[in-house]
Amino acid sequence: MNMPAKKMDIETAAPVSAVAPVVAMTPKRPPRSEGYARMAKETAARVIPPIVVIMLLMLVWELVCRRAGSALPPPSKVFKDTKELIFDPFFDHGGIDKGLFWHLSASLQRVALGYSLSAIAGIALGVLVGQSVWAMRGLDPLFQVLRTIPPLAWLPLSLAAFRDGQPSAIFVIFITSIWPIIINTAVGIRNIPQDYRNVAAVVQLNPLEFFSKIMIPAAAPYIFTGLRIGIGLSWLAIIAAEMLIGGVGIGFFIWDAWNSSHISEIILALFYVGIVGFVLDRLIAGLGKIVTRGTAQG
Amino acid sequence: MTAYLKLDHIDKIFTRGAAATEVLKDINLTIEKGEYVSIIGHSGCGKSTLLNIIAGLTTASTGGVLLENREVNSPGPDRAVVFQNHSLLPWLTVFENVKLGVDKVFARTKMKAEREAWVMHNLNLVQMAHARDKRPSEISGGMKQRVGIARALAMEPKVLLLDEPFGALDALTRAHLQDSVMALHQKLGNTILMITHDVDEAVLLSDRIVMMTNGPSARIGEVLEVPLARPRKRLELATNATYLKCRQRVLEFLYERHRFVEAA
Numbered sequence: 001m002n003m004p005a006k007k008m009d010i011e012t013a014a015p016v017s018a019v020a021p022v023v024a025m026t027p028k029r030p031p032r033s034e035g036y037a038r039m040a041k042e043t044a045a046r047v048i049p050p051i052v053v054i055m056l057l058m059l060v061w062e063l064v065c066r067r068a069g070s071a072l073p074p075p076s077k078v079f080k081d082t083k084e085l086i087f088d089p090f091f092d093h094g095g096i097d098k099g100l101f102w103h104l105s106a107s108l109q110r111v112a113l114g115y116s117l118s119a120i121a122g123i124a125l126g127v128l129v130g131q132s133v134w135a136m137r138g139l140d141p142l143f144q145v146l147r148t149i150p151p152l153a154w155l156p157l158s159l160a161a162f163r164d165g166q167p168s169a170i171f172v173i174f175i176t177s178i179w180p181i182i183i184n185t186a187v188g189i190r191n192i193p194q195d196y197r198n199v200a201a202v203v204q205l206n207p208l209e210f211f212s213k214i215m216i217p218a219a220a221p222y223i224f225t226g227l228r229i230g231i232g233l234s235w236l237a238i239i240a241a242e243m244l245i246g247g248v249g250i251g252f253f254i255w256d257a258w259n260s261s262h263i264s265e266i267i268l269a270l271f272y273v274g275i276v277g278f279v280l281d282r283l284i285a286g287l288g289k290i291v292t293r294g295t296a297q298g
Numbered sequence: 299m300t301a302y303l304k305l306d307h308i309d310k311i312f313t314r315g316a317a318a319t320e321v322l323k324d325i326n327l328t329i330e331k332g333e334y335v336s337i338i339g340h341s342g343c344g345k346s347t348l349l350n351i352i353a354g355l356t357t358a359s360t361g362g363v364l365l366e367n368r369e370v371n372s373p374g375p376d377r378a379v380v381f382q383n384h385s386l387l388p389w390l391t392v393f394e395n396v397k398l399g400v401d402k403v404f405a406r407t408k409m410k411a412e413r414e415a416w417v418m419h420n421l422n423l424v425q426m427a428h429a430r431d432k433r434p435s436e437i438s439g440g441m442k443q444r445v446g447i448a449r450a451l452a453m454e455p456k457v458l459l460l461d462e463p464f465g466a467l468d469a470l471t472r473a474h475l476q477d478s479v480m481a482l483h484q485k486l487g488n489t490i491l492m493i494t495h496d497v498d499e500a501v502l503l504s505d506r507i508v509m510m511t512n513g514p515s516a517r518i519g520e521v522l523e524v525p526l527a528r529p530r531k532r533l534e535l536a537t538n539a540t541y542l543k544c545r546q547r548v549l550e551f552l553y554e555r556h557r558f559v560e561a562a
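Next comes the structure, spelled out in structure tokens:
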């Protein structure tokens, strides 16, 4: 009695399942390939324009500088002249005759030191100015004047004070990048919502806990804005400062290349300086994104 | 009956430069342990200022607040506040938000594991244990307020202060949360002081309703007892004569005798 019934089920089900995949698959397939196509399209839409622009600029540059007697080398000549530097960034012939990796790393070390100091001091001063009305009244006018002084104007003074190139360069980075960090931190602290202060008061957090648990996380988006501007400024400052203090460093490499009329090397160095500056900026921005995750008001 | 929380001749005068505005005048009120008292009044009548004075977030110009016969004039976890806009710290998870208070209050009396269990216990009370690892931005407004209540409850306050806790919520969520607060009050027997501008909410939840006159110089105009048995059921009360009479009294006070002049 059961057998025929089961058979019936199978028989009736079979044609359905035979038809179903066709029905189900046909609408499914095109979207998937369309999806890939769309992804490829979107990537292309992002990647192709800058490539086209760069190619066009290179072409114009090549055409303009190709003529005899041109002051600047065309891209093809830049590549030919600097091939060794590009493909062997790690050589070290002593003194300042080193590969570009060593120059960049020397510059980055100075930036790392100067910038770290300015981040610590800048956040501390920013918290002070943001939290205390009297500190703000006393210090803010000073900051507003000092921050307009160009980085290099500090160099002679710091050379006089430190009597050495290395600490002077670090000081120039410090003094250049500290202002946006101070000012943005102070704004962030001043903008902590009263609600958070009330919560801290009810819970009776002590000043240290208030600082670490409320202030720093609440002001983090502002602090990272300051840090990001600061890293950009310190990279600007180090190149200029190194040109003057000499020694190993990408800034002095550029100056040295100019003195030896190696224009191609200058162009290559500028390219590296740009890339490193870009990476530093992204690094701080990315760090900020991770740290301030969730800080945005919900 | 002994006074558990006593507001003793509180005046509050805000001075801005030479101009002085008297916000509150001669506020006297005693609240018993386990009582649910609402303060109702038009906006701008200084009811939030009064709550802030009780919480210790602002100080009274004259007079003072006595909790168990001791003067309190600075904020503390014994008068935990549920803020109108939840005030959860957005960089902490739900669990960490509640734990912030618990860690401070029970730093010496409870072990770490006990404190964490206590946080979960309080999240369970408000039915938010499932969202322990979510951040405030990931949960709804009603859920945030629940967490706010859990944070306050977890500090085991002597008086729980609610500052228009349901004001920012939609009507359905509000009703749901009101029922939760009623159930919690029933279960834990907390002393609760709530600021509100919603007449139905005040009548439904309170043992007594304190009606405030319009500012400046707002006073306590009238105190109404709500003699409704607990537990109260929202649906049954809709046709209850006592409920309707209480509601009528508050409405009369607010809209006849002390109309909100600024709006007119």
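So the sequences go chain by chain: A and B.
Start counting the first sequence at 1; every next residue gets the next number (this note's numbering).
Start counting the second sequence at 299; every next residue gets the next number (this note's numbering).
Where is the CB? At the ideal position from N, CA and C, for every residue including glycine.
DSSP beta-bridge partners for residue i?
{"i": "B:S336", "result": "B:M492 and B:I507"}
{"i": "B:A317", "result": "B:R314"}
{"i": "B:T360", "result": "B:D309"}
{"i": "B:E523", "result": "B:R506"}
{"i": "B:T328", "result": "B:K304"}
{"i": "B:D623", "result": "Residue 623 of chain B falls outside the range modelled here, since chain B spans only 299 to 562, and no answer is possible."}
{"i": "B:I256", "result": "With chain B represented from 299 up to 562, any question about residue 256 of chain B goes unanswered, as that position is not in the structure."}
{"i": "B:D461", "result": "B:I493"}
{"i": "B:L322", "result": "B:K310 and B:A516"}
{"i": "B:R368", "result": "B:L365"}
So, is residue i buried or exposed, given that buried needs 16 or more other C-beta atoms within 10 angstroms?
{"i": "B:E499", "result": "buried"}
{"i": "A:Y115", "result": "buried"}
{"i": "B:R472", "result": "buried"}
{"i": "A:V145", "result": "exposed"}
{"i": "A:D88", "result": "exposed"}
{"i": "B:P529", "result": "exposed"}
{"i": "B:T537", "result": "exposed"}
{"i": "B:L382", "result": "The sequence shown places Gln at residue 382 of chain B, rather than the Leu named in the question. So B:Q382 counts as buried."}
{"i": "B:P373", "result": "buried"}
{"i": "A:V22", "result": "With a pLDDT of 49 at A:V22, under the threshold of 50, the modelled position of this residue cannot be trusted; read the value that follows with caution. Result: exposed."}
{"i": "B:Q425", "result": "exposed"}
With a cut-off of 8 Å, does the C-beta of residue i fall near any C-beta of chain B?
{"i": "A:Y222", "result": "no"}
{"i": "A:Y115", "result": "no"}
{"i": "A:L205", "result": "yes"}
{"i": "A:K289", "result": "no"}
{"i": "A:N191", "result": "no"}
{"i": "A:P304", "result": "There is simply no residue 304 of chain A to check, as chain A begins at 1 and stops at 298 in what is shown."}
{"i": "A:A219", "result": "no"}
{"i": "A:Y272", "result": "no"}
{"i": "A:V127", "result": "no"}
{"i": "A:N259", "result": "no"}
{"i": "A:Y196", "result": "yes"}
{"i": "A:K77", "result": "no"}
{"i": "A:A201", "result": "yes"}
{"i": "A:K213", "result": "yes"}
Can you find a CB in chain A that lies within less than 8 Å of the CB of residue i?
{"i": "B:V402", "result": "Rather than Val, the amino acid found at residue 402 of chain B in this sequence is Lys. Closer than 8 Å to some Cβ of chain A, the Cβ of B:K402 qualifies, so yes."}
{"i": "B:N383", "result": "yes"}
{"i": "B:A378", "result": "yes"}
{"i": "B:P463", "result": "no"}
{"i": "B:G440", "result": "no"}
{"i": "B:L355", "result": "yes"}
{"i": "B:P373", "result": "yes"}
{"i": "B:G399", "result": "yes"}
{"i": "B:L387", "result": "yes"}
Any heavy atom of the ligand NAD closer than 7 Å to the Cβ of residue i?
{"i": "A:L63", "result": "Ligands in the displayed structure: none, and consequently the ligand NAD is not present."}
Restricting to runs no shorter than 4 residues, where is the alpha helix (DSSP H) found entirely within the region 101–172 of chain A?
Fully enclosed alpha helix (DSSP H) runs of 4 or longer: 133–146 and 154–162.
Only counting runs of 4 or more residues, tell me where the alpha helix (DSSP H) segments fall wholly within the region 34–101 of chain A, in order along the chain.
With a minimum length of 4 residues, the continuous alpha helix (DSSP H) runs that stay inside the region 34–101 of chain A are 75–87.
Taking contact to mean 3 or more Cβ pairs, one atom from each stretch, closer than 8 Å, check whether the region 268–284 of chain A and the region 329–338 of chain B are in contact.
Contact between the region 268–284 of chain A and the region 329–338 of chain B is absent, with fewer than three C-beta pairs closer than 8 Å.
Does the pairing of the region 226–245 of chain A with the region 157–172 of chain A give three or more beta-carbon distances under 8 Å?
As far as the Cβ criterion goes, the region 226–245 of chain A touches the region 157–172 of chain A, which means the pair count is three or higher.
Ignoring anything shorter than 3 residues, give me the beta strand (DSSP E) runs that lie fully in the region 265–293 of chain A, in order along the chain.
Here no run is fully enclosed.
Is it true that the region 302–310 of chain B meets the region 475–487 of chain B, where meeting means three or more beta-carbon pairs spaced less than 8 Å apart?
Flag = no, the region 302–310 of chain B and the region 475–487 of chain B do not touch.
Under 8 Å: do the region 404–421 of chain B and the region 358–376 of chain B share three or more Cβ pairs, one atom per stretch?
Between the region 404–421 of chain B and the region 358–376 of chain B there are fewer than three C-beta pairs closer than 8 Å, too few to call the two in contact.
For the region 178–194 of chain A against the region 136–152 of chain A, are there 3 or more C-beta pairs whose distance is under 8 Å?
The region 178–194 of chain A vs the region 136–152 of chain A: in contact.
Measuring CB atoms only, is the region 222–240 of chain A touching the region 158–167 of chain A, in the sense that at least three cross pairs come out at less than 8 Å?
Between the region 222–240 of chain A and the region 158–167 of chain A, the count of Cβ pairs shorter than 8 Å is below three; the stretches do not touch.
Check whether the region 397–414 of chain B and the region 219–229 of chain A touch, using three or more Cβ-Cβ pairs below 8 Å as the test.
Result no; under three Cβ-Cβ pairs closer than 8 Å.
Every unbroken alpha helix (DSSP H) inside the region 370–427 of chain B [4 residues or more]:
Segments of the alpha helix (DSSP H) lying fully in the region 370–427 of chain B: 392–403 and 410–423.
Do the region 512–529 of chain B and the region 313–324 of chain B make contact, defined as three or more Cβ pairs closer than 8 Å?
Yes, they touch.
State whether the region 101–120 of chain A contacts the region 190–207 of chain A, with contact taken as three or more CB pairs (one from each stretch) at a distance under 8 Å.
With the cut-off at 8 Å, the region 101–120 of chain A and the region 190–207 of chain A do not touch.
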